[in-house]
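A quick write-up on the structure given underneath.
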Amino acid sequence: MFIAIGLVPQSELVKDLLELNDFKYINTNECKTEVEGIFVAGDCRVKSVRQLTTAVNDGTIAAQLAINYLNK
Ligand SMILES: Cc1cc2nc3c(=O)[nH]c(=O)nc-3n(C[C@H](O)[C@H](O)[C@H](O)COP(=O)(O)OP(=O)(O)OC[C@H]3O[C@@H](n4cnc5c(N)ncnc54)[C@H](O)[C@@H]3O)c2cc1C
């Protein structure tokens, strides 16, 4: 038997706003969503590796994208 703990994304909050995949992960292009000005970082987005290092990496990218967006 295989038991997976902690793999259900808590994406309820954005389900009517952003595109989710069949497993309720948020679809993104890197950390950009299809909605201008909304960026997503970490395990809740569609990605191939979910680890602390990739979550931190996403945080950096999403923050930089948000800064660029606000400076526009
Ligand atoms: C069992 C398990 C073991 C793991 N072991 C490792 C490991 O050994 N090494 C490793 O690198 N990675 C490990 N990981 C993966 C790692 O924990 C994640 O990749 C990382 O925590 C993702 O960070 P995050 O900030 O995206 O999400 P999270 O750490 O899940 O943080 C999301 C936060 O958002 C909060 N939240 C959710 N919904 C709302 C809301 N509506 N309003 C406000 N807050 C909300 C949650 O309470 C949570 O605090 C493990 C994961 C699991 C489940």
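Numbering (numbering that gives the first Met the number 0) for the sequence shown: 0 to 71. Yeah, the Cβ is synthetic: ideal placement off N, Cα and C, and Gly gets one too.
Distance cut-off 6 Å: residue i Cβ against heavy atoms of ligand 1
i   : result
A3  : no
L51 : yes
A54 : yes
L12 : yes
D42 : yes
Q63 : no
Residue i in three-state terms, based on DSSP
i   : result
L19 : strand
N28 : strand
Near ligand 3: residue i beta-carbon under 6 Å from a heavy atom
i   : result
Q63 : Among the ligands in the structure shown, ligand 3 does not appear; only ligand 1 can be found there.
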